[in-house]
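Working notes, structure below.
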Amino acid sequence: SKFVKLPFHKLYGDTRDDVGTDKKPEVRLLKR
Amino acid sequence: ADGYEEIIITNQQSFYSVDLEVGTPPQNVTVLVDTGSSDLWIMGSNNPYCSSGSMSSSRRHVINKRDDSSSSGALVNDINPFGWLTGTGSAIGPTATGSGGGSGTATQSVPASEATMNCQEFGTFTTSDSSTFRSNNTYFSISYGDGTFASGTFGTDILDLSDLNVTGLSFAVANETNSTMGVLGIGLPELEVTYSGSTASSSRRPYTYDNFPMVLKNSGAIKTNAYSLYLNDSDAKHGTILFGAVDHSKYAGTLYTVPIVNTLSASGFSSPIQFDVTINGIGISYPDNSQKTLTTTQIPALLDSGTTLTYLPQAVVAMIADELDAQYSSRLGYYVLDCPSNSNSTQIVFDFGGFHINASLSSFILNAGNICLLGIIATDDTTILGDSFLTNAYVVYDLDNLEISMAQAQYNITNENIEVITSSIPSAIKAPGYTSTWSTSASIVTGGNIFTVDTSQTASFSGNVTSATASATSTTSKSRN
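Order-wise, the sequence lines are chains A and B.
If you're matching positions, the first sequence starts at 15 in my numbering and goes up one per residue.
If you're matching positions, the second sequence starts at 95 in my numbering and goes up one per residue.
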């Protein structure tokens, strides 16, 4: 079929005050 | 007398996950789906941050440190969320040379107060219990913007992902992480830690490897390295990523294409390494059909499923808060507002170069008892369009052509209309402002008009927004049908 269907779940986590799951990586760059 | 009111926000930190079966016999772990990174890693069972089992909270363990003097030109220091590593020139983040060693090591204890994670909920992986696990002795280390980090070693094993066999895909087993769950990064290969991350080393040239989307393409499972992300509405329990195809039933209007912009060219990257697109303007649409443009200053923004909320420049958040009569609480760190009764019909409008994505205000409202908080966070760093934005859009990430196609998401659709992507994104057209992209940072100014033409259609044309001249005052206009 040449495509792949990937269902995912939406999960919830309790949090206090500080919200935001920031999975942006801290890119550490090297001089090229 | 010393009472303290604590605002509790429950069940609003959402994240999107898939289940993996790893090893022989299979071990079950759950990972977060992340377009903002590019590596797959799972938690090892020996993680000292876990609170139960054999993982003693007082167990001492070794953190390999690298002498940072060998990596001149580093722009961003590795984060150090707990501040134990105080050695001169040290940083979390061993090299990726395959030796697994840096220039020195230090023995550190995880503070007992930090070793409290329940690691059983999302599963851990015991390499010694799998007869098919093969380590390739390459160090892995990553840190994220929320202060979480993971480090361990790359390897391969039998790997099934939602009944899809992807054995051969390299993944890391983190023997040390303060994150409760692993991550399935599906970004560009250039964002892999071995290329642009802290494990890229001066002792070995940065390199990329085949990550999950690349494995799908190279195995022939998909024709092009592109996928469509559909988070569904905010109340939905499931969403879908369609690799190699578009489901035309999941969006309304036209699918518009914009280029991914390179926000890191000044750092030596000749092409984009992450999914940044250009926001050409932001406005608000009210239930009475009145509309207001807040800014037409171009802003690069990361489309990141691994971030729950949305992060905009401070000036833009202040404009939105002003419109909503929200007041900033320094104690809470959020703008506070009366819970709006019409948050479903008030929309934050994002112009991406001649077409709009209308994001319901309710997507950005956090309920906290009798008050509400604005879940749009001011940042001086990267603008991030997280899940709260993405739930409003149908987004096609074209990794081969470095383009993003977007349209207004449509919910509660049971049928499918799937079309395979063979080269370009089917039915997508270039946005009117395709070539008007961000190039340099500029101060946010008010003014301009993103509502110059009919916006009653989703993802509709908005005229030549880039020619709008910024002025000292914002513009309010009615849509014309």
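Positions of the beta carbon are idealized from the N, C-alpha and C atoms, including for glycine.
Do glycine 130 of chain B and glycine 279 of chain B come within 9 Å of each other at the CB atom, strictly closer than that value? Yes. Within cutoff.
Can you pull the chain A residues whose beta carbon is under 8 Å from the beta carbon of isoleucine 465 of chain B, in chain order? Within chain A, no residue has its CB atom less than 8 Å from the CB of isoleucine 465 of chain B, the nearest being about 13 Å off.
Between tyrosine 289 of chain B and glycine 246 of chain B, what straight-line distance do the alpha-carbon atoms span, to the nearest angstrom? Tyrosine 289 of chain B and glycine 246 of chain B have their C-alpha atoms spaced approximately 16 Å apart.
Is there contact here, the stretch 314 to 330 of chain B with the stretch 488 to 507 of chain B, by at least three beta-carbon pairs under 8 Å? For the pair of segments examined, the stretch 314 to 330 of chain B was found to touch the stretch 488 to 507 of chain B: the number of CB pairs separated by less than 8 Å reaches three.
So the alpha helix (DSSP H) isoleucine 414 of chain B belongs to, where does it begin and stop? Segment 408 to 417, the alpha helix (DSSP H) holding isoleucine 414 of chain B.
Can you tell me whether glutamine 385 of chain B is buried or exposed, with buried defined as 16 or more other CB within 10 angstroms of its CB? When all chains shown are included, glutamine 385 of chain B counts as buried.
Could you tell me which residues DSSP puts in a beta bridge with tryptophan 135 of chain B? Its beta-bridge partners are B:Ala266, B:Val277.
Whole-number beta carbon distance between histidine 23 of chain A and histidine 332 of chain B, since they are thought to touch under 8 Å: Confirmed, Cβ separation roughly 6 Å.
DSSP beta-bridge partners for tyrosine 233 of chain B? Tyrosine 233 of chain B is bridged to B:Thr247.
Against chain A, does tyrosine 491 of chain B count as a neighbour if the rule is that its beta carbon must be under 9 Å from one of theirs? Not flagged as an interface residue toward chain A: tyrosine 491 of chain B, since no C-beta distance is shorter than 9 Å.
Residue of B:Phe234, B:Ile354, B:Ala266, B:Thr318 minimising C-alpha distance to isoleucine 515 of chain B: Out of B:Phe234, B:Ile354, B:Ala266, B:Thr318, B:Thr318 has the C-alpha closest to the C-alpha of isoleucine 515 of chain B.
Would you check if the distance between the CB atom of proline 353 of chain B and the CB atom of leucine 484 of chain B is smaller than 9 Å? Proline 353 of chain B places its beta carbon 9 Å or farther from that of leucine 484 of chain B.
Roughly how many angstroms lie between the CA atoms of lysine 19 of chain A and threonine 540 of chain B, to the nearest whole one? Cα to Cα, the separation comes out at about 42 Å.
Could you pull the start and end residues of the alpha helix (DSSP H) that proline 307 of chain B belongs to? Element bounds for proline 307 of chain B: 306 to 312.
Cβ shell of serine 423 of chain B (< 6 Å), same chain only, five flanking positions each side left out: The beta carbon of serine 423 of chain B sits closer than 6 Å to those of Val430, all from its chain and outside the five residues before and after it, given in chain order.
Start-to-end residues for the beta strand (DSSP E) that takes in aspartate 254 of chain B: Segment 253 to 255, the beta strand (DSSP E) holding aspartate 254 of chain B.
Could you say which of B:Ser256, B:Leu263, B:Ser343, B:Leu255 lies nearest to alanine 503 of chain B if we only look at CA atoms? Nearest in C-alpha terms to alanine 503 of chain B, of all of B:Ser256, B:Leu263, B:Ser343, B:Leu255, is B:Ser343.
When you compare each of B:Leu134, B:Ile236, B:Ala409, B:Asp398 to glycine 249 of chain B by their alpha carbons, which one comes out closest? Scanning B:Leu134, B:Ile236, B:Ala409, B:Asp398 for the CA closest to the CA of glycine 249 of chain B turns up B:Leu134.
Counting only the same chain and skipping the five closest in sequence on each side, list residues whose C-beta sits under 6 Å from that of lysine 311 of chain B. The answer, listed in chain order, is Asn319.
N- and C-terminal bounds of the beta strand (DSSP E) containing phenylalanine 483 of chain B: No beta strand (DSSP E) contains phenylalanine 483 of chain B, which is instead part of the alpha helix (DSSP H) from 481 to 484.
So leucine 397 of chain B is in the beta strand (DSSP E); what residue range does that whole segment cover? Segment 393 to 397, the beta strand (DSSP E) holding leucine 397 of chain B.
Roughly how many angstroms separate the alpha carbons of proline 520 of chain B and isoleucine 459 of chain B, rounded to a whole number? Separation of proline 520 of chain B and isoleucine 459 of chain B (C-alpha to C-alpha, rounded to the nearest whole angstrom) is 34 Å.
Among the candidates B:Pro120, B:Ser111, B:Val127, whose CA atom is the shortest distance from the CA of aspartate 398 of chain B? The candidate whose alpha carbon is nearest that of aspartate 398 of chain B is B:Val127.
Say whether chain A places a C-beta atom closer than 9 Å to the C-beta of threonine 261 of chain B. Proximity of threonine 261 of chain B to chain A, defined by a Cβ-Cβ separation below 9 Å, is not satisfied.
Own chain partners of glycine 281 of chain B with C-beta closer than 7 Å, once the 5 adjacent residues on each side are dropped: Around glycine 281 of chain B: Thr129, Gly130, Ser131, Ser132, Gln368, Phe369.
Flag this pair as touching only if the stretch 111 to 118 of chain B and the stretch 218 to 227 of chain B have three or more C-beta atom pairs under 8 Å; answer yes or no. These segments touch.
Just the Cα atoms here: how many angstroms apart are serine 359 of chain B and glutamate 286 of chain B? So the alpha carbons of these two residues sit roughly 17 Å apart.
Tell me whether the stretch 405 to 424 of chain B and the stretch 465 to 475 of chain B touch, counting them as touching only if at least three CB pairs, one residue from each stretch, are closer than 8 Å. Under the 8 Å Cβ criterion, the stretch 405 to 424 of chain B counts as touching the stretch 465 to 475 of chain B, having at least three qualifying pairs.
Am I right that glycine 400 of chain B and valine 309 of chain B are in contact with their C-beta atoms under 8 Å? What's the rounded C-beta distance? Between valine 309 of chain B and glycine 400 of chain B the Cβ distance is about 19 Å, and since that is not below 8 Å, they are no contact.
Answer yes or no: does any C-beta atom of chain A fall closer than 9 Å to that of leucine 431 of chain B? By this cut-off, leucine 431 of chain B is not an interface position.
Starting from alanine 339 of chain B and walking both ways along the beta strand (DSSP E), at which residues does that stretch end? For alanine 339 of chain B, the enclosing beta strand (DSSP E) starts and ends at 339 to 341.
Using alpha carbons as the reference points, say which of B:Thr302, B:Phe306, B:Pro283, B:Glu417 lies closest to valine 125 of chain B. Comparing Cα positions, the closest option is B:Phe306.
Spatial neighbours of glutamate 510 of chain B in its chain, beta-carbon cut-off 7 Å, leaving aside the 5 residues before and after: The residues are Asp341, Ser343.
Just checking: is the beta-carbon of histidine 342 of chain B within a distance shorter than 9 Å of some beta-carbon in chain A? By this cut-off, histidine 342 of chain B is not an interface position.
Nearest to serine 313 of chain B (by Cα), restricted to the options B:Ile538, B:Ser237, B:Phe337: Cα-wise, what sits closest to serine 313 of chain B is B:Phe337.
Which same chain residues end up closer than 7 Å to alanine 453 of chain B when comparing Cβ atoms and leaving out the 5 residues on each side of it in sequence? These residues qualify, in order along the chain: Gln441, Ile442, Phe444, Phe483, Asn486.
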